[in-house]
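Inspection log for the structure reproduced underneath, given as structure tokens.
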Ligand SMILES: Cc1ncc(COP(=O)(O)O)c(C=O)c1O
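In the numbering used here, the protein residues as written are 668 to 1164.
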């Protein structure tokens, strides 16, 4: 029961040390978990999978010295009586041009009264000093927001090993880019679904990382194909793939969601072949395939909603081989550029080495906005209620169009290729013709007033392109425009075939 879990965290907070204050304080999920250290097995070591760049990246000396609170030998924060900094090049708050921030927003959807609420944050306040939020922050995030997110992760996923750590990211796209670089050198291979998120494909390709696409069915990646390709890996192609990037819920572009059984089989293959898993899960909470237990299409009560969520890879990860990327873009707002990831502490530390010399920390404005909304205004229950509300809203849009992502295979996809007799109509020619037809449908659809996505943008192995696929999404368009848009698109297809 969610209410019981929330009561446990409330009690835990009341007996814990106060949150560290001052600029960029060291903070760790370890301080916020209910589960006591040492009660579960530790993660395996992942040193053998790290890239050369990652091994060479050390913590930033300047950033470490600038943190106002540091971990002691036992990992607990050391809080000095008095501290004067002659070290860090950090501006004094008097020179910041903002004194306070006042956000107004929604109380929480699904509550009896959907009233507006104001969420202020001011300079010098005890709860989250706005001057601290505006200063350089700690790479893993502020203790205020990290506490809420750690509790949320433990409540939903309860990772089955001891030394897991959550840290904030500057959004999944940025985190993904870093994680690929942490695990892959030029010439290495990663595994993905045969059609995958272009953000991932476009991130790895210029790094000289190769992609091995795995066949999919209605439930996403097929474990038997994964196993067969790994078992028969030819070392002449390079180092055997050691990283798998996967989108297990509402996969982009196919919309497939893996069943619990499918996930267990894939995890098993990962264990057997020592694959590190990047679980990119921005659609986890948008439960489109279920209705309430009574069969009605209405917003579900929170406990029922939570029961229907599939087990994440993080929740079955006994070895610490999963980095789970949670996004806020689809559940709060893409412009926040603040989200979170969860993995074993060795990998989180390496990740922060990159953050310290990259984005430094997620934006202080965004952290304040999220903390004031999630922790102060909504609380855990309000957040889950919001997620159940969004699921219901998207379900209605899905029912109108048929999928968050509608992945279309054209029935008569092989374009006519004119070959003079005796000439070789090569695979290359067929591919060019396919891309040409795809381009024409795309352009014609655009002329008809409808923007679509080309299937080739999602191909893990563009050389293996077979047939024409197109992606439509209901995420953005107004509900009452779907019929018109689909008709315009259909006209475009007809006129080009
Ligand atoms: C599978 C997948 N991963 C990541 C992202 C981007 O996430 P973010 O906005 O947090 O960078 C998207 C956005 O469409 C996506 O579909």
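Think of the CB as a built atom: it goes at the ideal place given N, C-alpha and C, for glycine as much as any other residue.
Near ligand 1: residue i beta-carbon under 7 Å from a heavy atom
i, result
"residue 989", "no"
"residue 649", "Nothing in the structure corresponds to residue 649, since the chain is present only between 668 and 1164."
"residue 1110", "no"
"residue 838", "yes"
"residue 1115", "no"
"residue 866", "yes"
"residue 979", "no"
"residue 1001", "yes"
"residue 846", "no"
"residue 994", "yes"
"residue 919", "yes"
"residue 1006", "yes"
"residue 914", "yes"
Cα-Cα separation between residue i and residue j, rounded to whole angstroms
i, j, result
"residue 838", "residue 995", "7 Å"
"residue 865", "residue 1127", "9 Å"
"residue 846", "residue 795", "30 Å"
"residue 1017", "residue 725", "8 Å"
"residue 1114", "residue 848", "40 Å"
"residue 768", "residue 801", "11 Å"
"residue 723", "residue 804", "23 Å"
"residue 1009", "residue 1151", "42 Å"
"residue 950", "residue 917", "6 Å"
"residue 784", "residue 1037", "14 Å"
"residue 1076", "residue 925", "20 Å"
"residue 1057", "residue 857", "33 Å"
"residue 1011", "residue 1112", "46 Å"
"residue 1014", "residue 1101", "42 Å"
"residue 1175", "residue 943", "Examination of residue 1175 is not possible in this model, given that the chain is present from 668 through 1164 alone."
"residue 719", "residue 945", "19 Å"
"residue 773", "residue 782", "6 Å"
"residue 1133", "residue 1027", "43 Å"
"residue 1003", "residue 1096", "45 Å"
"residue 671", "residue 1047", "11 Å"
"residue 702", "residue 953", "28 Å"
"residue 1140", "residue 688", "44 Å"
"residue 909", "residue 966", "41 Å"
Candidates the options, of which the one nearest residue i by Cα
i, options, result
"residue 762", "775, 798, 990", "798"
"residue 1144", "1129, 1071, 1096, 1108", "1071"
"residue 1164", "673, 1105, 682", "1105"
"residue 691", "813, 1055, 885", "813"
"residue 841", "790, 787, 921, 947", "947"
"residue 819", "983, 1117, 1049", "1049"
"residue 902", "854, 929, 1139", "854"
"residue 892", "969, 1107, 860", "860"
"residue 771", "871, 756, 1040", "1040"
Within-8 Å CB hit, residue i to chain B
i, result
"residue 1057", "The structure shown has no chain B; it contains just one protein chain."
Extent of the continuous alpha helix (DSSP H) to which residue i belongs
i, result
"residue 682", "669-682"
"residue 1020", "1012-1023"
Contact between the segment 997-1006 and the segment 965-975 (3+ Cβ pairs under 8 Å): no
Touch test, the segment 824-844 against the segment 877-896, Cβ-Cβ under 8 Å, three pairs minimum: no
Touch test, the segment 806-823 against the segment 1016-1030, Cβ-Cβ under 8 Å, three pairs minimum: yes
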